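A short write-up of the structure that comes next.
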Amino acid sequence: MVYLLKKIKLWTKEEDLMLRDLTEGFGGRNWKKISSSLKIFYNITRTPKQCSERWKNYLNGSLKRSEFSHMEIEKMLSLHMEYGNKWSKIANFLPGRSSNQIKNYFHSTIRRNLRKFNFGRSASEKLNYSSFKLLENKEIRNILLAGKDVKKHFFMKIKLSDEAYEYYRKISQNSDYFICKSRDDYIDNYDINLAKKERENYELYIQNNIKEELNENLYEELKFPEFIPQTEFEFFKSN
DNA sequence: AAACCTTGCAACCGCAGGCGC
DNA sequence: AGCGCCTGCGGTTGCAAGGTT
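The first sequence begins at 1 in the UniProt record's numbering and counts up by one.
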């Protein structure tokens with residue numbers, strides 16, 4: 001059996017320099033010409049498509065490279081509610097941001113939060129897919145789109161309602177809804193004892209180390225940062 | 001200390017639509 | 001009309017650095 005691995009060739013500083021030079025030189029975006037000039041003048045082999053993508057997603061001088069601000073995140077989330085996965089449409093409303101940056105933000109946020117949420121849960125409690133259709137459920141949406149600074153132990157205390165799980169199962173059964181399958185599914189060899197242990201260890205860790213963060217009034221205390229959720233998050237007491 | 005895991009994001013791919021010939 | 005080329009779009013996957021075990 002022969003496996004073909006996709007090799008990614010990162011752009012070097014020199015390549016970037018030459019590409020920028022040529023792109024600005026030609027004024028317009030004649031990628032075919034730019035690509036062939038790269039080869040002729042600098043012996044750099046990049047297809048027209050690679051050149052255009054590099055420019056669009058990285059070199060374009062009007063792009064910001066800083067982290068998304070809270071304001072930008074709020075805007076993205078509400079635009080996503082309106083337009084769905086139309087990343088380039090959303091990018092039109094966010095000056096200095098490319099559709100790739102926005103798409104990456106959503107995918108990595110969802111992936112990160114799925115991991116945190118699934119940590120130490122039984123198979124039946126886990127959320128396994130990052131179907132964007134799932135975001136239409138308010139509870140699941142608040143979990144999957146929570147900000148970076150929401151700690152793992154917050155996620156562990158969340159209990160999804162039966163309605164949310166019912167919705168999740170309904171979506172999961174209809175394969176047409178799946179936009180992408182989480183990579184993590186492939187490495188997710190579930191082991192109930194390990195999961196229990198993980199959970200116990202973590203509870204112990206919380207008790208020993210960050211007790212002061214979690215006063216008796218857990219229900220009040222556990223809140224996502226105000227800026228992330230579209231709507232207020234309701235926590236459900238776990239037993 | 002080294003192997004393994006997680007994370008953020010850059011880059012690749014297939015597809016579809018526009019356009020010229 | 002229809003073919004081929006080009007580009008933009010959105011889903012997916014690889015890379016590298018930092019973190020954890």
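Backbone N, C-alpha and C fix where the C-beta goes; we use that ideal spot for every residue, glycine too.
In this text the structure is predicted, and so the values were computed from the model without any measurement.
Could you give the distance in angstroms between the alpha-carbon of residue i and the alpha-carbon of residue j?
{"i": "Pro-95", "j": "Ser-36", "result": "31 Å"}
{"i": "Tyr-58", "j": "Leu-135", "result": "29 Å"}
{"i": "Glu-24", "j": "Gln-50", "result": "17 Å"}
{"i": "Leu-214", "j": "Leu-114", "result": "Model confidence at Leu-214 stands at a pLDDT of 37, short of 50, so the residue's coordinates are unreliable; what they give is reported in the following sentence. If I take the Cα positions, the gap works out to 23 Å."}
{"i": "Leu-79", "j": "Lys-89", "result": "9 Å"}
{"i": "Tyr-168", "j": "Ser-62", "result": "40 Å"}
{"i": "Lys-170", "j": "Trp-55", "result": "41 Å"}
{"i": "Met-71", "j": "Arg-65", "result": "16 Å"}
{"i": "Tyr-42", "j": "Gln-101", "result": "29 Å"}
{"i": "Trp-11", "j": "Glu-53", "result": "11 Å"}
{"i": "Ile-110", "j": "Arg-20", "result": "34 Å"}
{"i": "Ser-99", "j": "Trp-87", "result": "5 Å"}
Given a cut-off of 9 Å on the beta-carbon distance, is the pair residue i and residue j in contact?
{"i": "Asn-92", "j": "Phe-132", "result": "no"}
{"i": "Phe-68", "j": "Tyr-105", "result": "yes"}
{"i": "Leu-127", "j": "Phe-119", "result": "no"}
{"i": "Glu-74", "j": "Leu-38", "result": "no"}
{"i": "Glu-163", "j": "Glu-125", "result": "no"}
What three-state label does DSSP hand residue i in the structure shown?
{"i": "Ser-88", "result": "helix"}
{"i": "Trp-11", "result": "coil"}
{"i": "Phe-154", "result": "helix"}
{"i": "Gly-25", "result": "helix"}
{"i": "Thr-47", "result": "coil"}
{"i": "Leu-79", "result": "helix"}
{"i": "Ser-62", "result": "coil"}
{"i": "Phe-119", "result": "coil"}
{"i": "Leu-160", "result": "coil"}
{"i": "Ser-52", "result": "helix"}
{"i": "Ser-35", "result": "helix"}
Identify which residue in the options has its Cα closest to the Cα of residue i.
{"i": "Ile-40", "options": "Met-18, Arg-54, Ser-52", "result": "Met-18"}
{"i": "Leu-145", "options": "Arg-112, Glu-166, Leu-22, Thr-45", "result": "Arg-112"}
{"i": "Ile-44", "options": "Asn-30, Phe-26, Leu-22", "result": "Leu-22"}
{"i": "His-107", "options": "Ser-122, Leu-77, Ala-123", "result": "Leu-77"}
{"i": "Met-81", "options": "Asn-142, Glu-166, Pro-48", "result": "Asn-142"}
{"i": "Trp-60", "options": "Tyr-83, Lys-33, Arg-29, Pro-48", "result": "Looking at the sequence itself, residue 60 is Asn, so the reference to Trp does not match. For Asn-60, the nearest C-alpha among the options comes from Arg-29."}
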